[in-house]
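Accompanying notes for the structure given below.
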Amino acid sequence: MSKKNVYIEIGQMVRNYREKNGMTQLELAEKLGYQTSQFVSLFERGLSKVPMEVLGQLVIILGIPEKQFKNVLVKDFESEINARINFGKKTAAKAI
Numbered sequence: 009m010s011k012k013n014v015y016i017e018i019g020q021m022v023r024n025y026r027e028k029n030g031m032t033q034l035e036l037a038e039k040l041g042y043q044t045s046q047f048v049s050l051f052e053r054g055l056s057k058v059p060m061e062v063l064g065q066l067v068i069i070l071g072i073p074e075k076q077f078k079n080v081l082v083k084d085f086e087s088e089i090n091a092r093i094n095f096g097k098k099t100a101a102k103a104i
């Protein structure tokens, strides 16, 4: 999974919960301490990373289960680790 896909998956999750809570992007942005909706718009569309501390705020504000965020992030990290290990194995195999 690429970082872009992680951003998209988290952004869609946030949008779904925001809409489920009947909240506009601007309302959510203000609860997060921002004056415009641009910050929320960017991460809902997967164009920007959601800072980890904001994920914690979203757990409380929107009621997103913390485990959902963790599952997406762990799945991405595991994919990255596997790719690096496989690259290392291929590199070592060539040297033998």
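Counting from 9, one number per residue, gives the positions in the sequence shown under the working numbering.
Built from N, CA and C at the ideal position, the CB exists for glycine as well.
In this text the structure is predicted, and so the values were computed from the model without any measurement.
Separation of VAL62 and LEU40 (C-alpha to C-alpha, rounded to the nearest whole angstrom) is 7 Å. LEU70 places its beta carbon less than 7 Å from that of TYR25. Taken in chain order, the unbroken stretches of alpha helix (DSSP H) that lie wholly in the region 40-102 and span 4 residues or more are 46-52 and 60-70.
A residue is called buried once 16 or more other Cβ atoms fall within 10 Å of its Cβ, and PHE77 is buried on that count. Using a 10 angstroms sphere on the CB of ILE89, the tally of other CB atoms stays under 16, which defines it as exposed. Looking from the CA of MET31, the closest CA among GLU17, ILE18, LYS12 and VAL48 belongs to VAL48. Spatial neighbours of GLU35 in its own chain (CB-CB distance under 8 Å, excluding positions within 5 residues in sequence) are not present.
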